[in-house]
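Right, one structure below, let's go through it.
Number of protein chains: 2
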Amino acid sequence: MLKQENQDKLKINKIRHSLAHLLAAAVLEIYPEAKPTIGPVIENGFYYDFEFKSPIKEEDLEKIERKMKEILPSWEKFEEKEVSNKEAKEFFKDNQYKLELIEDLEKAKEKITFYTFGKFIDLCRGSHSDKPNKDIKDGSWKLDRVAGAYWRGDEKNKMLTRIYGLAFESKDELEKYIQNQEEAKKRDHRKLGKELDLFHIDEMVGAGLPLWHPKGALLWRIIEDFWYQKHLENDYDLVRTPHIGNRILWETSGHWGFYNKSMYPPMEAGQTLEDKQKNKKAEVSEEYLLKPMNCPFHVEIYKNNPKSYRDLPMRWAECGTVYRFEKKGELSGLTRVRGFTQDDAHIICRKDQVEDELKKVIDFTLFIYESFGFEMKDVKVYLSLRDPNDKEKYAGNDLGWKFTEEVLRKVAKEKKLDFTEEIGEAAFYGPKLDFKIKDVIGREWQCSTLQFDFNLPERFDMLFVNEKGKNERPYMLHRALFGSFERFIGLLIEHYAGAFPLWLSPVQVKILPIGENHFEYAREVFEILKTEGIRAEVDKSNESLGKKIHYAKQQKTPYLLVIGDKEVESKEITLESRTKKVGLFSIEKLLNLFQKEIKNKK
Amino acid sequence: MLKQENQDKLKINKIRHSLAHLLAAAVLEIYPEAKPTIGPVIENGFYYDFEFKSPIKEEDLEKIERKMKEILPSWEKFEEKEVSNKEAKEFFKDNQYKLELIEDLEKAKEKITFYTFGKFIDLCRGSHSDKPNKDIKDGSWKLDRVAGAYWRGDEKNKMLTRIYGLAFESKDELEKYIQNQEEAKKRDHRKLGKELDLFHIDEMVGAGLPLWHPKGALLWRIIEDFWYQKHLENDYDLVRTPHIGNRILWETSGHWGFYNKSMYPPMEAGQTLEDKQKNKKAEVSEEYLLKPMNCPFHVEIYKNNPKSYRDLPMRWAECGTVYRFEKKGELSGLTRVRGFTQDDAHIICRKDQVEDELKKVIDFTLFIYESFGFEMKDVKVYLSLRDPNDKEKYAGNDLGWKFTEEVLRKVAKEKKLDFTEEIGEAAFYGPKLDFKIKDVIGREWQCSTLQFDFNLPERFDMLFVNEKGKNERPYMLHRALFGSFERFIGLLIEHYAGAFPLWLSPVQVKILPIGENHFEYAREVFEILKTEGIRAEVDKSNESLGKKIHYAKQQKTPYLLVIGDKEVESKEITLESRTKKVGLFSIEKLLNLFQKEIKNKK
């Protein structure tokens with residue numbers, strides 16, 4: 023089975039690779055001064071990076087695609103030829119990118135091969151279609167889009183133009199893919215976030231720092247309330263810590279040493295603006311750092327009082343907003359941001375409590391996915407272990423690693439998780455179990471995580487007094503269920519395509535009085551719903567009922583209540599769901615229906 | 023009446039002033055090399071600052087006090103003598119502090135007077151007791167404590183030793199004062215915060231940055247839940263914004279210009295550590311600032327979409343944590359910190375909505391005080407107006423100020439607030455109404471505030487489309503009810519002396535099984551209470567019942583449930599409140615009692 027899949031992959035990759043060359047050939051015919059660089063195969067297609075004399079646009083793709091179609095029939099086969107370094111360099115003497123690649127091959131002592139296709143010659147390792155003009159089917163590929171890309175992905179290098187293409191084995195497959203993509207675009211949380219007025223990201227405030235509008239902030243609060251309630255029910259305690267801490271704290275924790283590239287730079291407090299302009303250090307220097315993690319603060323709370331074996335386990339939860347200076351190019355809506363709120367918890371326990379605690383966390387994680395409508399098929403689980411051949415790069419000792427890796431595996435199996443083991447993927451501080459969810463375009467995002475930490479207990483010398491009255495080092499677990507509120511809400515928007523179940527919808531019911539003489543009764547109904555904790559809004563605009571319904575459905579409001587003469591008279595309400603007219607209801611029956619649905623979380 | 027009060031004050035101040043001299047005289051007899059500097063009268067007593075050759079301690083005060091008592095009988099009167107600058111300087115030639123004071127008098131062209139008391143001569147302006155040995159009553163004064171103080175209060179100057187004394191007209195008054203102070207100390211939120219394990223402030227994290235322990239964080243969450251629920255009921259919307267923003271935002275808002283001394287310094291992101299060490303600017307500089315206010319973010323949300331007169335009023339609430347770099351010496355427990363969570367809201371409305379919005383805010387404010395057991399006699403209200411003779415220092419125009427000052431006064435009167443008007447005390451951006459609460463030692467702290475803002479709407483060019491289809495500038499109100507969670511909780515701890523009413527108590531009920539064979543039933547009761555939303559804890563220690571009760575009362579737990587043989591058998595519980603045994607209860611009756619008390623918020 024797997025073998026067949028691999029062969030298929032090989033075949034489609036050969037097609038995609040051939041198309042990359044075809045793209046370069048067409049570009050060079052139209053833009054003879056363009057410099058081709060590299061053109062690899064990617065998921066769903068291929069790309070090729072060029073240096074153009076003057077930048078090209080999306081509109082130019084049509085012209086290039088036409089040229090490709092013109093050339094293709096003449097490409098019967100690919101001719102391979104080994105060349106000497108000298109020959110190769112002479113051929114590409116005007117293309118510094120290819121020269122760099124040749125030099126790399128030279129250094130690595132690899133042979134250099136040229137491939138010729140029709141009139142077009144390219145430096146290449148091989149693996150193309152045997153008969154490109156036969157294998158590449160009509161309508162099975164298209165050029166997709168243009169983007170900027172640094173040469174070799176390095177910001178310090180020149181920005182090149184990348185042309186992306188889509189390619190499949192058949193026209194059907196391409197069409198299906200495009201249809202899926204369009205469906206996905208409609209579910210994209212960035213698009214829905216704007217349409218449903220949930221949040222925006224503001225250039226003036228900063229990249230990766232979302233601002234939550236009323237409906238988005240309410241959605242957040244609903245989720246947060248649920249989170250807190252469930253944490254208290256599951257015997258967690260809350261803690262609360264600041265967003266900044268003295269640099270000494272981060273030096274002690276090791277974050278400053280290992281992690282400073284991902285942190286916002288220090289604030290040198292005590293230094294006046296004048297000092298700063300004169301590059302003068304403050305007399306009393308206090309450097310503060312924005313927190314990239316909550317952990318060291320929780321450790322400081324732990325250390326504030328001596329702890330006994332009777333006090334353990336501690337389960338300390340905090341929705342703590344942390345800041346990490348991610349590269350601008352890697353930011354993505356709510357799924358990768360620079361400021362995000364971890365639904366963090368630290369479990370500090372004795373060795374004999376570890377297994378039980380792990381089970382509880384996994385149960386809790388699965389409960390959360392279920393509550394938000396994710397099925398386990400939507401979730402991929404990874405068990406990340408240490409590389410046993412590279413022990414010195416990890417904190418902790420052999421015994422600790424053996425115990426924690428084994429207990430993680432044991433519990434994951436017991437809980438029937440379908441997990442993949444990944445050797446060498448553990449954090450330097452301990453093994454972990456990660457849960458990842460795919461977004462609409464198929465990218466996996468880490469959400470829940472459960473990590474052992476050997477580092478902080480050592481660095482902060484965390485202790486408890488055991489039953490024999492001796493000091494003992496506790497085990498420490500980091501865990502997050504959502505991962506971050508921002509990312510989880512982003513994925514949730516896509517998961518539900520913005521049509522949240524009743525319990526999550528910021529506006530649960532839209533009341534639509536047909537005319538002004540129905541406003542009074544609409545207000546009455548609104549007040550009753552509000553008293554009963556139902557989140558309703560009245561549409562008091564002058565629009566027609568049709569437009570009011572259209573707008574409410576566009577906003578994906580779960581229920582619409584239409585109020586006209588008939589309803590005012592009978593003191594009833596006509597109820598519509600997102601998809602259909604439900605019927606005439608008394609308020610009592612209505613409340614019953616809503617409350618049942620809210621309780622069921624469907 | 024006032025006159026009499028002034029005379030009294032004059033008399034007691036003369037006594038206190040005389041005692042300051044007496045203190046200096048005694049110090050010089052014991053430490054001839056000490057240099058006296060200044061010794062003013064303060065509330066409840068006096069102090070004198072000295073430069074000592076080697077530092078003195080609290081224990082040395084007894085010796086000094088004894089010496090003062092020894093000298094006092096010989097002080098029948100004070101002799102005044104005017105001296106020339108030259109004479110004065112010659113006399114104090116070894117005391118650079120007094121020399122500095124003499125030079126100041128010289129510059130100000132004031133006469134210089136020496137006062138002699140027994141053998142002791144001091145530079146002084148006068149106003150002492152006529153007959154110190156008669157006026158200063160036995161037991162009416164005492165030395166209080168020792169502290170460090172910079173010469174002239176300037177951090178750049180030398181640190182001196184300040185000796186504080188307490189002084190009243192009679193022994194009775196001193197005793198009463200000391201008793202009050204001791205009472206106050208017991209209620210001090212810093213002391214109770216530690217005893218009740220609510221929070222701590224950690225040197226490693228930073229001054230003014232509290233860490234909230236489980237019970238404190240739960241107390242916070244209970245208050246926050248109540249706050250959110252009431253805000254939603256009062257038709258506020260929630261918003262949510264980051265803790266940092268690009269410097270451009272703060273330059274636009276004016277905070278960076280007016281306020282940068284109180285802000286944490288910028289984070290120059292994009293600059294690598296190496297760049298920093300070489301004092302090299304980043305190529306792409308992005309400077310971020312920790313927010314001292316939430317307002318500019320709310321304004322950016324407002325501006326994200328065009329607004330119509332139909333959309334107003336907006337009432338946008340956020341519990342937003344802000345950071346201000348207060349001077350270390352001014353920090354004080356939870357009442358003045360460097361990171362604090364404002365229970366902030368901005369009301370953006372039309373002119374015709376202003377009055378109604380003000381009334382709603384005042385009603386809401388009074389409701390909050392009532393809910394937390396503050397009476398209006400605990401609260402002082404100030405109406406801060408602009409100085410009409412110094413108009414150019416304020417944002418906005420005459421019409422706007424006239425309207426807002428008048429409407430604030432009108433509404434404050436209508437709501438029967440007992441307020442004090444303060445001319446010239448308005449913020450530069452608008453008039454305001456402040457509500458202040460006294461802490462246990464009598465210091466007033468600003469809590470609720472209601473402020474107009476003419477500045478931000480102008481700077482950010484905030485607009486809405488009015489009924490005529492024209493752009494119009496909205497009115498903007500800042501308001502906070504608690505002021506900050508930290509300060510309000512600090513004051514709340516003192517207000518209740520840590521004995522929170524049932525609805526606020528982090529632990530509402532402590533279950534005390536007498537022996538191990540009562541654990542099972544204790545657990546059963548615990549589970550029932552938990553299901554009903556009652557926050558309970560079981561004391562499973564090996565301590566005696568007496569000790570368990572003692573500890574629970576020390577923790578100010580509202581209710582104790584004692585479980586022994588009798589209770590296990592009858593499936594009942596013996597209930598004790600903080601102050602008395604309440605009796606034997608069935609669980610049903612118990613739940614009833616608790617739920618009623620929680621609902622009443624008493």
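Keeping their order, the protein sequence lines are chains H and P.
Going by this note's numbering, the residue at position 115 of the first sequence is 137; the numbering climbs one at a time, nothing skipped.
Going by this note's numbering, the residue at position 486 of the second sequence is 508; the numbering climbs one at a time, nothing skipped.
Note that CB positions come from ideal geometry on N, CA and C, so glycine has one too.
Here the structure is a predicted model, which is why all the values come from computation and not from measurement.
Quiz item: Does any CB atom of chain H fall closer than 8 Å to the CB of Leu478/P?
Solution: In the second sequence, residue 478/P corresponds to position 456, counting from 1. No, no contact with chain H.
Quiz item: Name the chain H residues that come within less than 7 Å of Phe224/P, Cβ to Cβ?
Solution: As a working mapping, residue 224/P is identified with position 202 in the second sequence. The amino acid occupying residue 224/P in the given sequence is Asp; Phe does not appear at that position. Going along chain H in sequence order, the residues near Asp224/P (Cβ under 7 Å) are Glu322.
Quiz item: Looking only at its own chain, which residues have a Cβ that is under 8 Å from the Cβ of Val105/P, when we skip the five neighbours before and after it?
Solution: Along the second sequence, one-based indexing puts residue 105/P at 83. Once the five neighbours on either side are set aside, the close Cβ partners of Val105/P are Phe113, Ile134, Thr135 and Phe136.
Quiz item: Would you report the Cα separation of Glu125/P and Phe68/P, rounded to the nearest angstrom?
Solution: Locating residue 125/P in the second sequence gives position 103, where the first residue counts as 1. Locating residue 68/P in the second sequence gives position 46, where the first residue counts as 1. Cα to Cα, Glu125/P sits roughly 25 Å from Phe68/P.
Quiz item: Unbroken alpha helix (DSSP H) runs of length 4 or more, entirely within the segment 508-577 of chain H: which are they?
Solution: 541-553 and 567-576
Quiz item: Would the beta-carbon of Val403/P fall within 8 Å of that of Phe362/P?
Solution: For the purposes of this step, residue 403/P is taken as residue 381 along the second sequence, with counting starting at 1. For the purposes of this step, residue 362/P is taken as residue 340 along the second sequence, with counting starting at 1. Contact flag unset, no.
Exercise. Return yes when the Cβ of Trp97/H is within less than 8 Å of the Cβ of Gly140/H, no when it is not.
Key: To locate residue 140/H, count along the first sequence from 1; it is residue 118. To locate residue 97/H, count along the first sequence from 1; it is residue 75. Yes. Within cutoff.
Self-check item: Pick from Glu65/H, Lys85/H, Asn477/H and Ala42/H that is closest to Tyr53/H, judged by C-alpha positions
Solution: Residue 53/H sits at position 31 when you count from the first residue of the first sequence. Looking at the Cα atoms, Lys85/H is the closest of the given residues.
Practice problem: Answer with yes or no whether the minimum CB distance from Ala171/H to chain P is below 8 Å. | Solution: As a working note, residue 171/H is residue 149 in the first sequence. No, no contact with chain P.
Practice problem: Could you tell me which chain P residues have their CB closer than 8 Å to the CB of Pro236/H, listed as they occur along the chain? | Solution: Mapped onto the first sequence, residue 236/H falls at position 214. Neighbours of Pro236/H on chain P, chain order: Asp259, Leu260, Val261 and Trp338.
Practice problem: Report the residue from Val359/P, Tyr345/P and Ile550/P whose alpha carbon sits nearest the alpha carbon of Gly351/P. | Solution: Your numbering for residue 351/P matches position 329 in the second sequence. Answer by Cα proximity: Val359/P.
Exercise. Out of Ile595/H, Trp338/H, Phe522/H and Leu478/H, state which residue places its alpha-carbon closest to the alpha-carbon of Phe396/H.
Key: Here residue 396/H refers to the residue found at position 374 of the first sequence. Comparing Cα positions, the closest option is Phe522/H.
Quiz item: Glu565/H CB to nearest chain P CB: under 8 Å?
Solution: Here the question's residue 565/H lines up with position 543 in the first sequence. Glu565/H does not count as touching chain P.
Quiz item: Among Val590/H, Glu591/H, Lys588/H and Phe607/H, which has the Cα closest to the Cα of Leu597/H?
Solution: Numbered from 1 along the first sequence, position 575 holds the residue referred to as residue 597/H. Minimum Cα distance to Leu597/H is reached at Phe607/H.
Quiz item: For His222/H, which residues of its own chain have a beta-carbon under 8 Å away from its beta-carbon, when the five flanking residues on both sides are left out?
Solution: Within the first sequence, the letter at position 200 stands for residue 222/H. Around His222/H: Gly215, Lys216, Pro232, Leu233 and His235.
Quiz item: Would you say Arg243/P faces chain H, with C-beta separation under 8 Å as the test?
Solution: Translated into the one-based positions of the second sequence, residue 243/P becomes position 221. So yes, Arg243/P belongs to the interface.
Practice problem: Taking Ile445/P as the reference, give the member of Asp409/P, Arg243/P and Phe486/P with the closest Cα. | Solution: Taking the second sequence and counting its residues from 1, the one referred to as residue 445/P is at position 423. Measuring from the Cα of Ile445/P, the nearest candidate turns out to be Asp409/P.
Quiz prompt | Selection from Val261/P, Glu290/P, Glu308/P and Glu508/P that minimises the alpha carbon distance to Ser354/P | solution = On the second sequence, residue 354/P is found 332 positions in, with the first residue counted as 1. Comparing Cα-Cα distances from Ser354/P to each of Val261/P, Glu290/P, Glu308/P and Glu508/P, the minimum goes to Glu508/P.
Self-check item: Alpha-carbon to alpha-carbon, Ile595/P and Asn614/P
Solution: Within the second sequence, the letter at position 592 stands for residue 614/P. Within the second sequence, the letter at position 573 stands for residue 595/P. The alpha-carbon atoms of Asn614/P and Ile595/P are separated by roughly 14 Å.
Quiz item: Does DSSP classify Cys146/H as helix, strand or coil?
Solution: One-based indexing of the first sequence puts residue 146/H at position 124. Of the three classes helix, strand and coil, the one that applies to Cys146/H here is coil, per DSSP.
Quiz item: Can Asp374/P and Gly342/P be called in contact, C-beta distance under 8 Å?
Solution: Residue mapping note: residue 374/P aligns to position 352 of the second sequence, counting from 1. Residue mapping note: residue 342/P aligns to position 320 of the second sequence, counting from 1. In this structure, Gly342/P does not lie closer than 8 Å to Asp374/P by Cβ.
Quiz prompt | Of the listed residues Gly422/P, Val49/P, Val321/P and Asp71/P, nearest to Tyr451/P (C-alpha basis) | solution = Taking the first residue of the second sequence as 1, we reach residue 451/P at position 429. That would be Gly422/P, whose Cα lies nearest to the Cα of Tyr451/P.
Quiz item: What's the gap between the Cα of Gly586/P and the Cα of Ile536/P?
Solution: Here the question's residue 586/P lines up with position 564 in the second sequence. Here the question's residue 536/P lines up with position 514 in the second sequence. Straight-line Cα distance between these residues: approximately 5 Å.
Quiz item: So, Cys371/P versus Tyr497/P, is the Cβ gap smaller than 8 Å?
Solution: As a position in the second sequence, residue 371/P is number 349, starting the count at 1. As a position in the second sequence, residue 497/P is number 475, starting the count at 1. Yes.
Quiz prompt | Members of the segment 516-533 of chain P near chain H, C-beta cut-off 9 Å | solution = none
Quiz prompt | Continuous alpha helix (DSSP H) stretch holding His222/P: start and end | solution = Residue mapping note: residue 222/P aligns to position 200 of the second sequence, counting from 1. Per DSSP, His222/P belongs to no alpha helix (DSSP H); it is in the beta strand (DSSP E), Phe221 to Ile223.
Quiz item: In chain order, which continuous runs of the alpha helix (DSSP H) of length 4 or greater are located wholly inside the segment 360-437 of chain P?
Solution: 376-393 and 420-436
Self-check item: Residue range of the unbroken beta strand (DSSP E) whose run includes Thr183/H
Solution: Residue numbering aside, residue 183/H sits at position 161 when the first sequence is read from its first letter. Note, Thr183/H: beta strand (DSSP E), Met181 to Ala189.
Quiz item: Using the rule of at least 16 other Cβ atoms within 10 Å of the residue's Cβ for burial, across every protein chain shown, is Met289/H buried or exposed?
Solution: Within the first sequence, residue 289/H is the residue found at index 267, counting from 1. That one is buried.
Practice problem: Name the residue from Gln617/H, Leu127/H, Phe100/H and Glu466/H whose alpha carbon lies nearest to the alpha carbon of Ala110/H. | Solution: Indexing the first sequence from 1 puts residue 110/H at position 88. That would be Leu127/H, whose Cα lies nearest to the Cα of Ala110/H.
Practice problem: Please report how far the alpha carbon of Asn477/P lies from the alpha carbon of Tyr286/P, in whole angstroms. | Solution: By one-based count along the second sequence, residue 477/P stands at place 455. By one-based count along the second sequence, residue 286/P stands at place 264. Approximately 22 Å, taken between the alpha carbons.
Quiz item: Mind checking Lys283/H: buried by the 16 CB within 10 Å criterion, or exposed?
Solution: For the purposes of this step, residue 283/H is taken as the residue at position 261 of the first sequence. With fewer than 16 Cβ atoms within 10 Å of its Cβ, Lys283/H is classed as exposed.
Self-check item: Euclidean distance between Cα positions of Ala239/H and Arg262/P
Solution: Within the first sequence, the letter at position 217 stands for residue 239/H. Within the second sequence, the letter at position 240 stands for residue 262/P. Rounded to the nearest angstrom, the two C-alpha atoms are 6 Å apart.
Quiz item: Is Asn493/H helix, strand or coil when you go by DSSP?
Solution: By 1-based counting over the first sequence, the position of residue 493/H is 471. Of the three classes helix, strand and coil, the one that applies to Asn493/H here is strand, per DSSP.
Practice problem: Can you tell me the Cβ-Cβ gap for Leu526/P and Ile244/P, rounded? I've got them flagged as a contact below 8 Å. | Solution: One-based indexing of the second sequence puts residue 526/P at position 504. One-based indexing of the second sequence puts residue 244/P at position 222. At roughly 6 Å, the Cβ-Cβ gap stays under 8 Å, so Leu526/P and Ile244/P are in contact.
Quiz item: Which runs of the beta strand (DSSP E), 3 residues or longer, sit entirely within the segment 60-147 of chain P?
Solution: 67-73, 101-105, 134-139 and 142-145
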